[in-house]
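**Q**
In my numbering, the protein residues as written are -5 to 75.
(1) What did DSSP end up calling residue 75 once you bin it into helix, strand or coil?
(2) Under 8 Å between the Cβ atoms of residue 67 and residue 37?
(3) In whole angstroms, what is the alpha-carbon distance linking residue 30 and residue 57?
(4) CA-CA distance, residue 70 and residue 3?
(5) Got a sec, what are the start and stop residues for the beta strand (DSSP E) residue 36 sits in?
(6) Taking the C-alpha atoms as reference points, what is the distance between residue 5 and residue 17?
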C-alpha cells in the first residue's frame, strides 16, 4: 500500500462499512472569497475515493477546482473517484 504524499485526507466509512478516503476544499474564486469575508456560505467540494493510491490525484484535482458559478451559491458538490 502506497502512502500518499498529501496527508490532509480523512478516513471515513460508507453505509456498508467500506473504508473511504475523503478530501474537501472551499472554493477560492473571487465571489466565494467575498462571501467568506462577509461570513456568508461559500461553495465547496467534497471528494471521496476507495483507493488510498488515488488520494494524491484527488488532491491535485482539488487544487485546480473552482465553482465557476458566476456569483451563485450552489452549496456542496460531492464527487467520487
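Beta carbons are placed, not taken as given, at the ideal position from N, Cα and C, and that holds for glycine.
**A** According to the data block:
(1) Annotated three-state conformation of residue 75 is coil, per DSSP.
(2) yes
(3) 18 Å
(4) 17 Å
(5) Run containing residue 36: none; DSSP gives neither H nor E here.
(6) 9 Å
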